[in-house]
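To convert, note that position 6 of the sequence shown is 268 in our numbering; the numbers rise steadily by one, no gaps. Accompanying notes for the structure given below.
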Amino acid sequence: MLNRRGIYDIEVQERVTKNAAGEYLYQVFVCSKETVYKMEYKEPETERFPFQRLVKVLNLILIKKQVKERFVEMAATEPTVRFGFFEPAKLKPFLNKYQVGCYALKKGDEFGMLK
């Protein structure tokens, strides 16, 4: 999705290890030019990383790059999670019409709590 938008300088790498206690340790690195974001997360029962954490970091990078679109979760059915890539200002009327709530990633990002 990002490549189609002309954004080629974001790279995501993941490392998953399991410790002696049976917990999975996720280390996800998101690189954008000279900035590297690192997320760590422990989960005792699954080897899947929660996509919402990755999407939040990607959206913060998009905000920093002044890109209008954001990743928005479309469905959370297991084991598949689908995300759309929308401009919040264009999605807002739809969310208001159907009274769908969502939270801002950053104050002033046009994606405040909608009711």
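All C-beta atoms, glycine included, are put in the ideal place defined by N, C-alpha and C.
Residue i: buried (16+ other C-beta within 10 angstroms of its C-beta) or exposed?
| i | result |
| --- | --- |
| residue 280 | exposed |
| residue 321 | buried |
| residue 319 | buried |
| residue 287 | exposed |
| residue 306 | exposed |
| residue 298 | exposed |
| residue 350 | buried |
Hey, residue i and residue j: beta-carbon distance below 8 angstroms or not?
| i | j | result |
| --- | --- | --- |
| residue 329 | residue 353 | no |
| residue 314 | residue 302 | no |
| residue 331 | residue 348 | yes |
| residue 325 | residue 294 | no |
Where does residue i fall in DSSP's three states?
| i | result |
| --- | --- |
| residue 326 | helix |
| residue 283 | coil |
| residue 353 | helix |
| residue 320 | helix |
What are the residues that DSSP puts in a beta bridge with residue i?
| i | result |
| --- | --- |
| residue 360 | Paired residue(s): none; residue 360 is not in a bridge. |
| residue 288 | 278 and 303 |
| residue 346 | 334 |
| residue 272 | 294 |
Would you say residue i lies against chain B (beta-carbon separation less than 8 angstroms)?
| i | result |
| --- | --- |
| residue 321 | Absent from the structure is chain B; it holds one protein chain and no more. |
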